[in-house]
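Asker: Protein sequence lines correspond, in order, to chains A and B.
Just so we're aligned, residue 5 is where the first sequence starts under the working numbering, counting upward by one.
Just so we're aligned, residue 5 is where the second sequence starts under the working numbering, counting upward by one.
We put the CB at the ideal spot given by N, CA and C, even for glycine.
There are 2 protein chains.
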Amino acid sequence: MPTSAPALTPFLAVDTAVLEANIDSMAAHARSLGVALRPHAKTHKSAEVARLQQGAGATGLTVATLTEAEAFAAHGAADLFIAYPLWLDDARGARLRRLAEDVALQVGADSVEGVRRLAGQLAGTSAEVLVEVDSGHHRSGVAPGTAGAVASAAVDAGLPVAGVFTFPGHSYAAGGRRAAAADEQAALAEATASLSSVGVPARVVSGGSTPSAEYVSGGVLTELRPGVYVFGDAQQWELGTIGPDRIALTAYATVVSHAGGRAVLDAGSKVLGADRAGYATGFGRLLDHPEARIVILSEHHAVVDLAGGALPPLGSVVRVVPNHVCAAVNLADALVAVTPSGMTPWPLIARGANS
Amino acid sequence: MPTSAPALTPFLAVDTAVLEANIDSMAAHARSLGVALRPHAKTHKSAEVARLQQGAGATGLTVATLTEAEAFAAHGAADLFIAYPLWLDDARGARLRRLAEDVALQVGADSVEGVRRLAGQLAGTSAEVLVEVDSGHHRSGVAPGTAGAVASAAVDAGLPVAGVFTFPGHSYAAGGRRAAAADEQAALAEATASLSSVGVPARVVSGGSTPSAEYVSGGVLTELRPGVYVFGDAQQWELGTIGPDRIALTAYATVVSHAGGRAVLDAGSKVLGADRAGYATGFGRLLDHPEARIVILSEHHAVVDLAGGALPPLGSVVRVVPNHVCAAVNLADALVAVTPSGMTPWPLIARGANS
């Protein structure tokens, strides 16, 4: 635990020993299931973390946007899946065609209209499509039994179909992890059958979120796409996915005030993000004070109730666990890798790469 | 309303006509009260917006951090107030001393310990301190009646005291705007008296938030520091501070899916921010569909329930009103100024400037 203030708080620090243990643990889990691991790089946006994942056996990376895909390709990624129902205009189509010349590329689709636009831009390239299905999160994706119609439209338009994918985002609920994994498996099995019924084999059957990954069983999925597991966060801690010993990323923050008998920190929502799920017990936690909660969060203030514990002194540095680490990372320009020998900046190569 | 997709959605667009009307309106309000206007630049982080504010008579700018202050000074700001209880280490102290050579500089403090550290770094420069008081938001600031003790400590340590300030953040509550303005006035009056009782005159008595500004009356405050008023956002719309005609900043987003009979947009929490106050009716709204609400928000998806209205077509572009515009701006690298003659990028000079 840090005890003196570096000059530059607030900043995001990565404990590389915990990071590497997390990466190895998920890689071993995927191997034990006999499935490929294609981690979601939107969490970390870091070429260094991607290299560690690939060194542990990841078969490729998942990204959310075209610009993220371009950024990771520029840093050596050779196999990328944009797990998003892309709606292609001509400008994006041209960029995707260029990308497909350099890397193995898969993209998502969740409508007949969308897949036809993809085909209009990508047919004849090496790109493949995966049909997104809704497994219970009710965000995007078609009903699993209708996946075949989208796949057929792709094939008819000249775009190869690799398979199906889903994001069981309803795993982010108290007690919801195991049920979401079961929903995911059932939806992907139904979608695979739907493709089969129109004569399209699903080579890739892709699922997986960090909260649900533990409950995936073998047999249906061929691939997992968790993201958050590399760093952990307060959401995973509170969902029970991990304990605090698995949290690799924290915001180092200085105590600037004791107003109202609480600790006011210089890391606010512009550092931590403002995510607060229904099950969250606060706006973030302190790694070294497990009972403490951030009870007020504004842009540059986190007000911490120590729950009766001693107030950290004015000017001291504490380690804050953001609720949602993907949001925190996307607010920073670099991470600071903390090793026994010191601190090293890790630039973020895709911060704000939303288009 | 845009009807075709620019290549680069999602992006943040500023309607400059609405922006200028908002700036003129708040400037006129401050003039009518006989108080100075020192807008908070953390909202816009834009040299162009700052120039418009100064052209309309702003006496200076408010910022939240040292790095923001340096950024605006580098773009011509000559009078800056860091409205934050700074805890100075040597590195920050050296930067502040350099800054105080170039601009009129005021900084905040809310403890005797903090003000002594400030004095240790800044005594002998042109910098002045304002004592922060808590007017009911219960975030930072001392009890108003104890402001004199902090002011005395500053004077004793050789640091000039300009006055007192507060942020009535509890104006961000349903029906809370008028009461917060009254609390603000009472707290600042008590704090001014507390300074007077120790022989320190308060030349500056500074308050003001966008929701409470309308209810400020003359006589106690000498200065207002609203920030959000330049752009407006869904929070201000829902608090009743403004109507949708006063919203100058929106995220242009493309409809990428109609999954579940809703519109899924490509602007998620990494564009809009994840702020959702207790009084908010969703994660954001659509400017041209007032009944619609964002009901699910993840990093790259906003799922919009149109409340029975027609779904905007796949591939069409809609204008999203973020809940909290300061958070949205801090996620972007530039704004896009929309005028009758076209679109012009406005770089953000202090994005991520949290230290």
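Beta-carbon of A:SER261 versus every beta-carbon of chain B: anything under 8 Å?
Answerer: Locating residue 261 of chain A in the first sequence gives position 257, where the first residue counts as 1. Yes, its Cβ sits closer than 8 Å to a Cβ of chain B.
Asker: If you draw a straight line from the alpha carbon of A:GLY223 to that of A:ALA54, how long is it in whole angstroms?
Answerer: Numbered from 1 along the first sequence, position 219 holds the residue referred to as residue 223 of chain A. Numbered from 1 along the first sequence, position 50 holds the residue referred to as residue 54 of chain A. Looking at the two C-alpha atoms, the distance is approximately 27 Å.
Asker: Suppose you measure from the CA of A:PRO278 to the CA of A:SER201; what does that come to, to the nearest Å?
Answerer: For this step, residue 278 of chain A is matched to residue 274 along the first sequence. For this step, residue 201 of chain A is matched to residue 197 along the first sequence. Per the sequence presented here, residue 278 of chain A reads as Ala, with Pro not at that position. Cα to Cα, the separation comes out at about 44 Å.
Asker: When the distance is taken between beta carbons, is A:LEU92 closer than 8 Å to A:LEU109?
Answerer: The residue you call residue 109 of chain A lines up with position 105 of the first sequence. The residue you call residue 92 of chain A lines up with position 88 of the first sequence. The answer is no: Cβ separation not under 8 Å.
Asker: Between the alpha carbons of A:LYS46 and B:TYR256, how many angstroms are there, rounded?
Answerer: Along the first sequence, read from residue 1 onward, the residue named residue 46 of chain A stands at position 42. Along the second sequence, read from residue 1 onward, the residue named residue 256 of chain B stands at position 252. The alpha-carbon atoms of A:LYS46 and B:TYR256 are separated by roughly 21 Å.
Asker: Taking beta-carbon pairs under 7 Å, can you tell me which members of the region 297-321 of chain A lie near chain B?
Answerer: The residues in question are ILE300, SER302, GLU303, HIS304, HIS305, VAL307, LEU318, GLY319.
Asker: What whole-angstrom Cβ distance do B:ARG143 and A:HIS142 have, given they're in contact under 8 Å?
Answerer: Start at 1 with the first residue of the second sequence, and residue 143 of chain B comes out as number 139. Start at 1 with the first residue of the first sequence, and residue 142 of chain A comes out as number 138. 36 Å between Cβ atoms; not a contact.
Asker: What do you get for A:PRO14, buried or exposed, if any count of 16 or more other CB atoms within 10 angstroms of its CB means buried?
Answerer: Taking the first residue of the first sequence as position 1, residue 14 of chain A is located at position 10. By the neighbour-count rule (16 or more Cβ atoms within 10 Å), A:PRO14 is buried.
Asker: Report the residue from B:THR69, B:ASP160, B:ALA40, B:ALA185 whose alpha carbon sits nearest the alpha carbon of B:THR63.
Answerer: As a working note, residue 63 of chain B is residue 59 in the second sequence. Selected option, being the one with the closest Cα: B:ALA40.
Asker: In chain B, what lies closer than 8 Å to A:ALA49 by C-beta?
Answerer: Within the first sequence, residue 49 of chain A is the residue found at index 45, counting from 1. Looking at the sequence provided, one finds Lys at residue 49 of chain A rather than Ala. The contacting residues do not exist; A:LYS49 stays about 10 Å from chain B at best.
Asker: Going along the chain, which residues of its own chain have a beta-carbon closer than 7 Å to the beta-carbon of A:SER216, five neighbours each way excluded?
Answerer: The residue given as residue 216 of chain A occupies position 212 in the first sequence. Excluding residues within five positions, the ones whose Cβ falls inside 7 Å are PRO172, SER175, ARG181, ALA184, ALA185, GLU188.
Asker: Would a C-beta distance cut-off of 8 Å place B:ALA311 and B:ALA296 closer than the cut-off?
Answerer: Taking the first residue of the second sequence as position 1, residue 311 of chain B is located at position 307. Taking the first residue of the second sequence as position 1, residue 296 of chain B is located at position 292. In this structure, B:ALA296 lies closer than 8 Å to B:ALA311 by Cβ.
Asker: Cα-Cα, which of A:PHE287, A:LEU291, A:ASP309, A:PRO294 is closest to A:SER302?
Answerer: If you number the first sequence from 1, residue 302 of chain A lands on position 298. Per the Cα distances, A:PHE287.
Asker: May I ask which residues mark the beginning and end of the alpha helix (DSSP H) holding B:GLY59?
Answerer: Numbered from 1 along the second sequence, position 55 holds the residue referred to as residue 59 of chain B. It spans 51-59 - the alpha helix (DSSP H) in which B:GLY59 sits, taken as one unbroken run.
Asker: Just by C-beta distance, which residues in the region 43-68 of chain A are closer than 7 Å to chain B?
Answerer: Result list: LYS46, ALA68.
Asker: Output needed in chain order: residues of the region 325-342 of chain B with a Cβ under 7 Å from some Cβ in chain A.
Answerer: If the cut-off is 7 Å between Cβ atoms, the region 325-342 of chain B has CYS330, ALA331, ASN334, LEU335, ALA336, ASP337 near chain A.
Asker: Please report the distance separating the alpha-carbon of B:ALA157 from that of B:ALA147.
Answerer: Walking along the second sequence from the start, residue 157 of chain B turns up at place 153. Walking along the second sequence from the start, residue 147 of chain B turns up at place 143. For B:ALA157 and B:ALA147, the distance between alpha carbons rounds to 16 Å.
Asker: Going along the region 278-297 of chain A in order, which residues come within less than 7 Å of chain B, judged by CB to CB distance?
Answerer: Answer set for the region 278-297 of chain A: ALA278, ASP279.
Asker: Could you work out which residues of chain B lie near A:GLU117, taking near to mean beta carbons separated by less than 7 Å?
Answerer: As a first step, residue 117 of chain A is located in the first sequence; it is residue number 113 there, counting from the start. Going along chain B in sequence order, the residues near A:GLU117 (Cβ under 7 Å) are LEU318.
Asker: Can A:ALA357 and A:TRP350 be called in contact, C-beta distance under 8 Å?
Answerer: Stepping through the first sequence from its first residue, residue 357 of chain A is reached at position 353. Stepping through the first sequence from its first residue, residue 350 of chain A is reached at position 346. No.
Asker: Is the distance from the Cβ of B:VAL329 to the Cβ of B:ASP249 below 8 Å?
Answerer: Translated into positions along the second sequence, residue 329 of chain B becomes position 325. Translated into positions along the second sequence, residue 249 of chain B becomes position 245. No, the Cβ-Cβ distance between B:VAL329 and B:ASP249 is not below 8 Å.
Asker: Just tell me which of B:VAL204, B:ASP337, B:LEU225, B:GLY212 has its CA closest to the CA of B:ALA193.
Answerer: The residue given as residue 193 of chain B occupies position 189 in the second sequence. That would be B:LEU225, whose Cα lies nearest to the Cα of B:ALA193.
Asker: Counting C-beta neighbours from all protein chains within 10 Å, is the total for A:SER8 16 or more, i.e. buried, or is it exposed?
Answerer: Counted from its first residue, the first sequence places residue 8 of chain A at position 4. Only weak support is given to the placement of A:SER8: the predicted model assigns it a pLDDT of 43, under 50, and the value that follows is read from those uncertain coordinates. When all chains shown are included, A:SER8 counts as exposed.
Asker: Within 8 Å (strictly less), CB to CB, does A:LEU192 reach chain B?
Answerer: For this step, residue 192 of chain A is matched to residue 188 along the first sequence. Not an interface residue.
Asker: Suppose the cutoff is 7 Å on Cβ atoms and the five residues either side in sequence are ignored; what does the same chain contact list for A:VAL116 look like?
Answerer: Here the question's residue 116 of chain A lines up with position 112 in the first sequence. Here the set comprises ALA153, VAL154, ALA157.
Asker: If you draw a straight line from the alpha carbon of B:THR254 to that of A:LEU37, how long is it in whole angstroms?
Answerer: For the purposes of this step, residue 254 of chain B is taken as the residue at position 250 of the second sequence. For the purposes of this step, residue 37 of chain A is taken as the residue at position 33 of the first sequence. Spanning the two alpha carbons is a distance of roughly 45 Å.
Asker: One question on the structure: do B:ARG101 and B:LEU126 come within less than 8 Å of each other, judged by their Cβ atoms?
Answerer: The residue labelled residue 101 of chain B in the question sits at position 97 within the second sequence. The residue labelled residue 126 of chain B in the question sits at position 122 within the second sequence. Yes.
Asker: Which residues mark the beginning and the end of the alpha helix (DSSP H) in which A:GLU242 is found?
Answerer: By one-based count along the first sequence, residue 242 of chain A stands at place 238. 238-243 is the span of the alpha helix (DSSP H), which, as asked, contains A:GLU242.
Asker: Quick check on B:ASP360: does DSSP put it in helix, strand or coil?
Answerer: Nothing in the structure corresponds to residue 360 of chain B, since chain B is present only between 5 and 359.
Asker: Give me, in chain order, the residues of the same chain whose beta-carbon lies closer than 6 Å to that of A:GLY124; leave out the 5 immediate sequence neighbours on both sides.
Answerer: As a first step, residue 124 of chain A is located in the first sequence; it is residue number 120 there, counting from the start. So the list is empty, once near-sequence residues are dropped.
Asker: Would a check of beta-carbon distances place A:THR7 closer than 8 Å to chain B?
Answerer: By one-based count along the first sequence, residue 7 of chain A stands at place 3. Summary for A:THR7: the model assigns pLDDT 41, below 50, so the residue's position carries little reliability; its value from the coordinates is reported in the next sentence. Cβ-Cβ to chain B under 8 Å: no for A:THR7.
Asker: From the DSSP output, which residues share a beta bridge with A:ALA108?
Answerer: For this step, residue 108 of chain A is matched to residue 104 along the first sequence. Per DSSP, A:ASP83.
Asker: So with CB distances below 7 Å, who are the chain A contacts of B:ASP187?
Answerer: Position 183 of the second sequence, counted from the start, is the residue given in the question as residue 187 of chain B. Simply none; closest approach about 15 Å.
Asker: For A:VAL307, tell me which candidate among A:ALA267, A:SER50, A:VAL220 has the shortest Cα-Cα distance.
Answerer: As a working note, residue 307 of chain A is residue 303 in the first sequence. Nearest of A:ALA267, A:SER50, A:VAL220 to A:VAL307, Cα basis: A:ALA267.
Asker: B:ASP114 and A:ALA263 - do their beta-carbons sit closer together than 8 Å?
Answerer: Within the first sequence, residue 263 of chain A is the residue found at index 259, counting from 1. Within the second sequence, residue 114 of chain B is the residue found at index 110, counting from 1. Result yes, Cβ atoms of A:ALA263 and B:ASP114 sit closer than 8 Å.
Asker: Taking the beta carbon of A:MET30 as the centre, do at least 16 other beta carbons fall within 10 Å, making it buried, or is it exposed?
Answerer: By one-based count along the first sequence, residue 30 of chain A stands at place 26. Under this definition A:MET30 is a buried residue.
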